[in-house]
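Numbering (UniProt numbering), first residue to last: 1 to 267. One structure is given here, and the rest of the page talks about it.
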């Protein structure tokens, strides 16, 4: 009986030890411009759950974009992954710059057209960590708030912040999201309404063109012959009523409502 209990104890211990431990997942891959210190620490914790022969492939899987191209080009992961390996990756991907260069990048960063406000603030925070390393967290948030007000891509947000400047960074982010939802609702409502067009003209359709001056336009029923000074025309004065039979009245192309009278001259 004791022997049987010892065998069952060993079997239960082996079954528990062979049960795989779920790995710790990393939320994002590293790209040029991200926080390298945080990525390196998360990657080292992640690699502890896997055998050493798989570490190189796992590190490759946690790189993206230009960062992946640089590391693969220098073949720094061909050997066993150690602390020196991460030092080499840091030299390739986290080249130090002057503080003024980081500050220039921070102040020139503008919100992209397809970038939401939280992603924009997250990028500003990463840049502020390098641009203002000696400032406290609250002071860096104040710098991020100022850059958010200046660099936002929404005209309505700029007007709103100009009328009432936000005091806290979280407050500004919430107000931006609220304005975005309001603008989207207004756009949907205006798009659902069909525009009213009382008049529509097509190519080739004649339109009424009023005369430029009412005083200088001829009134229908009056014909006046104008010749040279001292020259007598076929009739004198003004004739009212119907025009004579020998007068042709073609319609002017510029104004169909004002006839252009042409009378033959006789001498």
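Every residue, glycine too, gets a C-beta built ideally from N, C-alpha and C. In this text, all values refer to a predicted model and were calculated from it rather than measured experimentally.
- In the structure shown, residue 132 falls within a coil segment according to DSSP collapsed to helix, strand and coil.
- Taking residue 76 as the centre and dropping the five residues before and after it, the same chain places the C-beta of 88 closer than 6 Å to its C-beta, in chain order.
- For residue 31, no alpha helix (DSSP H) encloses it, and the DSSP letter there is neither H nor E.
- By the Cβ neighbour-count rule, residue 61 is exposed, with fewer than 16 other Cβ atoms within 10 Å of its own.
- Closest by C-alpha distance to residue 111, out of 187, 149 and 92, is 149.
- A Cβ-Cβ contact shorter than 8 Å links residue 173 with residue 121.
- Closest in alpha carbon position to residue 127, among 189, 143, 53 and 80, is 143.
- Scanning 54, 67 and 129 for the CA closest to the CA of residue 81 turns up 54.
- Within the stretch 105 to 193, the complete alpha helix (DSSP H) segments at least 4 residues long are 117 to 131, 137 to 151, 155 to 163 and 169 to 192, listed from N- to C-terminus.
- Assignment of residue 63 by DSSP, reduced to helix, strand and coil, places it in the strand class.
- In this structure residue 94 is buried. Its beta-carbon is surrounded by 16 or more other beta-carbon atoms within 10 angstroms.
- For residue 133 and residue 44, the gap between their C-alpha atoms comes out near 24 Å.
- The C-beta distance from residue 106 to residue 63 rounds to 25 Å, too long to meet the 8 Å contact threshold.
- Note on residue 50: under 16 other CB atoms within 10 angstroms of its CB, so exposed under the neighbour-count rule.
- With contacts defined as CB atoms closer than 8 Å, residue 179 and residue 153 fail to qualify as a contacting pair.
- By the criterion of a C-beta distance shorter than 6 Å, residue 40 is surrounded in its chain by 86, once the five residues flanking it on both sides are discounted.
- The distance from the Cβ of residue 102 to that of residue 131 is about 4 Å, consistent with a contact at the 8 Å cut-off.
- Excluding the 5 residues flanking it on each side, residue 100 has no same chain C-beta neighbour closer than 7 Å.
- In its chain, beyond the 5 residues on either side, 92 have a beta carbon closer than 7 Å to the beta carbon of residue 74.
- Taking every protein chain shown into account, the CB of residue 168 has fewer than 16 other CB atoms within 10 angstroms, so this residue is exposed.
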